[in-house]
Amino acid sequence: MTRFLASKQRNESPSARRIRAVHRRLVEAYGPIQAQRKAPIVECLVGTVLSQHTSDINSGRAFRALRERWPSWDAFGEASLDEIEEAIRPGGLARLKAPRIRAILDEIRAREGRIELSSLEPLPDDEVYAYLRSLPGVGPKTAACVMAFSMQRDAFPIDTHVHRVVRRLGWVAGKASAETASGELAARIPAGLRYQLHVLMIEHGRRVCRARRPLCSECPVFDFCDAGVLLLADGSAV
Ligand code: SF4
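Basically our numbering = 1-based index in the sequence shown + 12.
Right, here's the structure in full:
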């Protein structure tokens, strides 16, 4: 088995081998990634919508308020937009997020007969992704987050840190949107590394490859990076 995997990796494209090398360096720098846990899919989906453009503390507060007001999705029933908006106000952007949550949960109930997504569990990754993306307002990042954080799937959500790091590394064009990057990288990152790279790149983006004044001179993947030399040369990195 080990020999089979080694020969499979030898036959990979240069791009995939480079991605593997970056993954190894990041694991050396930040340590191995803990195994994913399972969580109820609808909870994770709603939590991910609430987490958009706000802090973890605020989105957690909004999620708890929502569950205190409606302890089950059945109880959520016909909750009005005003009621939802009021409940999630502590999380910010409540006027935007309330109709989004209402529309997603209504669509799930229309398709599944109740607000429940355990029917996705047996489906392969591509079908799960397509289903989630077909829900109203669910973009690539939300779909990938739900797969990674509630279904233990090997997904690569592109948040603001990951987006910055993959562009600087030259894995996608400098002007590529998060959505474009998601589409391009989903197939290029070898299976088994996607979730791990997501977590490692967030850590790397927070600690070293920061938005302002990245620490390129101490970066563990400097020799794999297109941007590091340029950022050091123009003085925007240290
Ligand atoms: S060399 Fe600099 S820009 Fe490149 S990944 Fe490292 S910290 Fe980021």
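Where is the CB? At the ideal position from N, CA and C, for every residue including glycine.
- Look at M163 here: in three-state DSSP terms it is coil, with no helix or strand label.
- For A51 against S162, the beta-carbon gap comes to about 4 angstroms, under 8 angstroms, which counts as contact.
- Classified as buried, K109 has 16 or more neighbouring CB atoms from the shown chains inside 10 Å of its CB.
- Distance from the CA atom of Q208 to the CA atom of A28, rounded to whole angstroms, is 15 angstroms.
- The Cβ atoms of R81 and A99 sit closer than 8 angstroms to each other.
- Rounded to whole angstroms, the gap between the alpha carbons of L197 and L93 is 37 angstroms.
- Where K109 is concerned, the enclosing alpha helix (DSSP H) starts and stops at 106–124.
- Contact between L243 and P226 holds, since their C-beta atoms are separated by about 6 angstroms, short of 8 angstroms.
- Classified as exposed, A142 has fewer than 16 neighbouring CB atoms from the shown chains inside 10 Å of its CB.
- Residue environment analysis places P169 among the buried positions, since at least 16 neighbouring C-beta atoms fall within 10 angstroms of its C-beta.
- Nearest C-alpha to H210 among N23, E24, E95, V39: V39.
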